[in-house]
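**Student:**
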Amino acid sequence: MNADEFVEAFNNAKDLTELELLAELGKSISDDLEGHEKGKVLGTLGNIYYALHRLKEAEEAYLEALNVYLKLSEEDEGFLPYVVGCLYNLGNLYQVSRKFAEAEKAYTDALKVLGDVRNDQRLAILTALGTMYAKLDMKEHAERCLVEAFEMAKVKGDARLLGTLLNNLAVVYQRGGRKREAAMLLKMALDALERVGEDLGIAAVLQNLLPYLDEDELRRVMERLESFEELPIDLKAKIAYFKARRAEEKGEDPAEHYMEAACLGFMAYRNFGFQSINFMHCLDKVIESDSELREDAVVLKKVILKYYYGSQKVEIDFDSRVGRMIKAVLEGDDIYEDGILEDTVRLIAEDLLKAGTKI
Numbered sequence: 009m010n011a012d013e014f015v016e017a018f019n020n021a022k023d024l025t026e027l028e029l030l031a032e033l034g035k036s037i038s039d040d041l042e043g044h045e046k047g048k049v050l051g052t053l054g055n056i057y058y059a060l061h062r063l064k065e066a067e068e069a070y071l072e073a074l075n076v077y078l079k080l081s082e083e084d085e086g087f088l089p090y091v092v093g094c095l096y097n098l099g100n101l102y103q104v105s106r107k108f109a110e111a112e113k114a115y116t117d118a119l120k121v122l123g124d125v126r127n128d129q130r131l132a133i134l135t136a137l138g139t140m141y142a143k144l145d146m147k148e149h150a151e152r153c154l155v156e157a158f159e160m161a162k163v164k165g166d167a168r169l170l171g172t173l174l175n176n177l178a179v180v181y182q183r184g185g186r187k188r189e190a191a192m193l194l195k196m197a198l199d200a201l202e203r204v205g206e207d208l209g210i211a212a213v214l215q216n217l218l219p220y221l222d223e224d225e226l227r228r229v230m231e232r233l234e235s236f237e238e239l240p241i242d243l244k245a246k247i248a249y250f251k252a253r254r255a256e257e258k259g260e261d262p263a264e265h266y267m268e269a270a271c272l273g274f275m276a277y278r279n280f281g282f283q284s285i286n287f288m289h290c291l292d293k294v295i296e297s298d299s300e301l302r303e304d305a306v307v308l309k310k311v312i313l314k315y316y317y318g319s320q321k322v323e324i325d326f327d328s329r330v331g332r333m334i335k336a337v338l339e340g341d342d343i344y345e346d347g348i349l350e351d352t353v354r355l356i357a358e359d360l361l362k363a364g365t366k367i
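Structure below.
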């Protein structure tokens, strides 16, 4: 299999099993190649590892590909776009790994290589960098990147990207107290995404619009959000959190919504490395309540602190309901109940099992 065939095989891969096989094959292929052919295989191998969430190996492959193209570009500047591509991939990898300083450097290095060139690569990098700044609440940096990206996307006429950028920029303005501008941008984003039928993007915008709606609009939007079949887990967490806040405002019991938000928020953090909501705060809200979920929240919080944050000061009651579920999985049994809490505990127990944790 040559380099182009390897790239094509990756593009046509249908499941994780195929990707695992390609990962094994790619390493041996790259060892026998040089120059551009080697760089193509290494870059694709990095993408495969990234898709498999084998992030350390992805980083190594991307860095090796970057070194190949840096050497090639010294003799032929036609290879500079490949240098930019490697840096962009590294930026995305570091962002997912929560290595934000490294991600920023990779993105800004890529922009330096591009110079004044305004092309699709610049647009993608500005979008990724601006979105990261927005997540980190670096409002001025985020606004600068997202506005430039928006102007480029507007010239390009890409309605889907325009909607995404407007939504992200609205979040920046929202956090900066510029609520009127934020609401206006969200409505513009919704219009753009409605034109292309981008359900996930529409859902993200609708979720950000929730604080600006009256009761009738709110009911309609919540019904629409719940009609979407496939929502990202971080967005589900935000919706559950909003429901909890609304329940509190109306004097209703918010504990179930806070528990759902906590579980979804934790899974988003565990699976993708980003914190969509403060899931520990959500667990604290359940703990402060009189709900029957209170003990579950206490134990779940301790489990997360001990096994994901390394706290040695917590003692876990494995005779509690959550504790018994974890023990069941570790002893080769299963959790025979369905629900978001059960799914979360099962995931944690499987992580402990893989790590060989003894309790």
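Under this note's numbering, think of the first position of the sequence shown as 9, with each following residue one higher. Glycine included, every Cβ here is placed at the ideal spot set by N, Cα and C. Owing to the predicted nature of the structure, the values given are computational and were not obtained by experimental measurement.
Using CA atoms only, rank isn't needed, just tell me which of Glu82, Ile37 and Leu98 is closest to Lys64.
**Tutor:** Leu98
**Student:** Looking at the secondary structure, which residues open and close the alpha helix (DSSP H) in which Asp292 lies?
**Tutor:** Phe287 to Ile295
**Student:** Measure the CB-CB distance between Leu193 and Val213 and report whether it falls below 7 Å.
**Tutor:** no
**Student:** By the DSSP assignment, the alpha helix (DSSP H) with Gln320 in it spans what residues?
**Tutor:** Looking at the DSSP string, Gln320 is not in any alpha helix (DSSP H), and its letter there is neither H nor E.
**Student:** Would Ala111 and Gln103 qualify as a contact pair, given that the criterion is a beta-carbon distance under 7 Å?
**Tutor:** yes
**Student:** Is DSSP giving Thr300 helix, strand or coil here?
**Tutor:** Note that residue 300 is Glu in the sequence shown here, rather than Thr. In the structure shown, Glu300 sits in coil (DSSP, three-state: anything other than H, G, I, E or B).
**Student:** Is Val322 near Lys335, with beta carbons less than 7 Å apart?
**Tutor:** Cβ atoms of Val322 and Lys335: not closer than 7 Å.
**Student:** Please state whether the Cβ-Cβ distance between Asp351 and Ser284 is less than 7 Å.
**Tutor:** Against a cut-off of 7 Å, the Cβ pair of Ser284 and Asp351 comes out as no contact.
**Student:** Can the beta-carbon of Ile210 be found less than 7 Å from the beta-carbon of Leu218?
**Tutor:** no
**Student:** When the distance is taken between beta carbons, is Ala73 closer than 7 Å to His57?
**Tutor:** Per the sequence shown, the amino acid found at residue 57 is Tyr instead of His. With respect to Ala73, Tyr57 sits apart: the two C-beta atoms are not nearer than 7 Å.
**Student:** Should Ala276 and His265 be called a contact, given that it needs their Cβ atoms to be closer than 7 Å?
**Tutor:** no
**Student:** Helix or strand or just coil, what does DSSP make of Leu144?
**Tutor:** coil
**Student:** Given a cut-off of 7 Å, decide if Gly281 and Arg106 are closer than it, judged by their beta-carbon atoms.
**Tutor:** A contact, by the Cβ cut-off of 7 Å.
**Student:** My parser needs the alpha helix (DSSP H) runs of 4 or more residues fully inside the segment 325–349; what are they?
**Tutor:** 329–338
**Student:** With burial defined as no fewer than 16 other Cβ atoms inside 10 Å of the residue's Cβ, what is the status of Thr25: buried or exposed?
**Tutor:** exposed
**Student:** So, are the CB atoms of Leu131 and Ala157 less than 7 Å apart?
**Tutor:** yes
**Student:** Determine the direct distance from the alpha carbon of Leu239 to that of Glu151, and round the result to whole angstroms.
**Tutor:** Rounded to the nearest angstrom, the two C-alpha atoms are 26 Å apart.
**Student:** Compute the Euclidean distance between the alpha carbons of Gly34 and Met146, then round it to the nearest angstrom.
**Tutor:** 39 Å
**Student:** Out of Leu80, Arg203 and Tyr115, point me to the one whose CA is closest to Gly93's CA.
**Tutor:** Selected option, being the one with the closest Cα: Tyr115.
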